[in-house]
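This report refers to the structure that appears directly beneath it.
In our numbering, the protein residues as written are 63 to 506.
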């Protein structure tokens, strides 16, 4: 079989001439059209969509052999991620994608490829999708995606000089590793993402110069650049044995929005949730490291039935436990549970609820270890309880300087937790540092 390297991105038809012969010298030949193309070509038949989406027809794919990834630490593998997610999106999921051990270099700003996205793996409307990496001899992820240094993050002028820009401007970003929108039944395991934030070229803020409240040492570049982003409506996620470290924004971003039915006008929540038909169950994030990320280790701005179990969230906005120069974006918090706040009148009030933090270490963030906020929106005075029913069990919280916990109303009112319906409970936790604003209820 011939080998093809550095081909342009298009569909190829390969014609092979097959010759058979005998010891007597007689031979004949025939022409064969190869139809078993790589998965990102016509291997998928969109006309047969329903059959391809049969719940019993899980397609097993390999990131290296099926999508030409190298994993050698020097070849840019970003296009392999783009092809893999495009193909899986066409199937609407039903894929078990194996990521073999390797060091996959990611550079979306590589000028030689004109990469068409700001995400490496971007999945939309997929069901029953498993993405599984390899483990090394000590049980750590051996399938590692590292973002190339020297990429730009933030606002720059035409001469590549950092500037402060308006939020409407599209700033530079090294991108997000995994993004999921409108996906169900997702398993992600044994993957490490390294955002390499200390080696990026840092531009100016995209907040129009508005003070961030945390001092001049904190940047305020609010541009998507996370390890894992779960955006909008999604259901039934299990993420285990993964690391999302050193990203320019968050290790994990769980985001949402409010959607409006175009026919009835009904407003409904559009965020991560979990099927409860068999009883209480959670979207599980277990044994996850989110260390040295610039804005937030794990951000939950909309979601329901979420459990963080045995996770380490360390040094957010910092280089180490004793500080150090690193890209730091407000709010520079380990775990931040904070609704988006852009709720229209009569919107559902389940923005962030039924969240469990269990046996987690959340330490040495620049600002806070744990922040839980609720939002009062001027157009919706009834949206009072959008962060509620949050339980922390046997976890450890310690801040870099003095403030470990912030549980409060926004903007800044001194309302207590219980009287405002947040129902935040701590059971067997260790809290080192001060508590800023509000009161907490300690379970017996």
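Ideal Cβ placement from N, Cα and C applies to all residues, glycine included.
Among 180, 492, 195 and 134, the one whose alpha carbon lies nearest that of residue 507: There is no way to answer for residue 507, as the model of the chain reaches only from 63 to 506.
At which residues does the alpha helix (DSSP H) containing residue 141 begin and terminate? 140-153
Give me the residue from 431, 269, 216 and 250 with the minimum Cα distance to residue 203. 250
For residue 401 and residue 414, I'd like the C-alpha separation in whole angstroms. 6 Å
Candidates 170, 230 and 213: which alpha carbon is nearest residue 142's? 170
Is there contact here, the stretch 333-350 with the stretch 389-396, by at least three beta-carbon pairs under 8 Å? no
Using the beta-carbon count (16 or more within 10 Å), is residue 494 buried or exposed? exposed
When you compare only the Cα positions, how much space is there between residue 271 and residue 226? 6 Å
Among 452, 140, 289 and 191, which has the Cα closest to the Cα of residue 435? 452
Pull up the distance between the alpha-carbon of residue 353 and that of residue 290, whole angstroms please. 13 Å
Taking the alpha-carbon positions, what's the residue 219 to residue 333 distance? 36 Å
Which word fits residue 254, buried or exposed, when buried means at least 16 other C-beta atoms lie within 10 angstroms of its C-beta? buried
When you compare the stretch 228-243 with the stretch 209-216, are there three or more beta-carbon pairs, one atom per stretch, that lie closer than 8 Å? yes
Please work out which residues of its chain come closer than 6 Å, Cβ to Cβ, to residue 155, disregarding the five sequence neighbours upstream and downstream, and give them in chain order. 188, 189, 190 and 191
By how many angstroms is the C-alpha of residue 325 removed from the C-alpha of residue 488? 43 Å
Look up residue 179 in the DSSP assignment and say whether it is helix, strand or coil. coil
Cα-Cα separation between residue 461 and residue 357, rounded to whole angstroms: 15 Å
Assigned secondary structure, residue 184 (DSSP; H/G/I helix, E/B strand, else coil): strand
Could you name the residues of the same chain whose beta carbon sits closer than 6 Å to that of residue 299, not counting the 5 residues immediately before and after it, in chain order? 248 and 345
If you draw a straight line from the C-alpha of residue 217 to the C-alpha of residue 342, how long is it? 45 Å
Spatial neighbours of residue 175 within its chain, please: C-beta separation below 8 Å, excluding the five flanking residues on both sides. 138, 140 and 141
Leaving out the 5 sequence neighbours to the left and right, which residues in its chain are closer than 8 Å to residue 113 when beta-carbon positions are compared? Reliability of the predicted coordinates at residue 113 is poor, the pLDDT of 46 falling under 50, and the value obtained from them is presented with this limitation in mind. Cβ within range, chain order: 119.
Residue span of the beta strand (DSSP E) that contains residue 304, given as start and end: 296-307
With distances taken Cα to Cα, identify the nearest neighbour of residue 399 among 260, 369 and 231. 369
Is residue 449 helix, strand or coil by DSSP? strand
Do you know how far the Cα of residue 339 is from the Cα of residue 388? 45 Å
So what does DSSP say about residue 339, is it helix, strand or coil? coil
N-terminal and C-terminal residue of the beta strand (DSSP E) that residue 282 is part of: It is not in any beta strand (DSSP E) - residue 282 carries neither H nor E in the DSSP assignment.
Does residue 192 come out as helix, strand or coil in the three-state DSSP assignment? strand
Report the three-state DSSP secondary structure of residue 261 (helix, strand or coil). helix
Let me check understanding here. Comparing Cα to Cα, which of 145, 244, 377 and 361 lies closest to residue 286? 361
Could you say which of 371, 243, 263 and 134 lies nearest to residue 316 if we only look at CA atoms? 243
Using the Cα positions of residue 160 and residue 336, report the straight-line distance between them to the nearest angstrom. 25 Å
Under DSSP, the beta strand (DSSP E) around residue 208 begins and ends at which residues? 205-209
Residue interval of the beta strand (DSSP E) (run including residue 244): That residue, residue 244, is in no beta strand (DSSP E); it is neither H nor E in DSSP.
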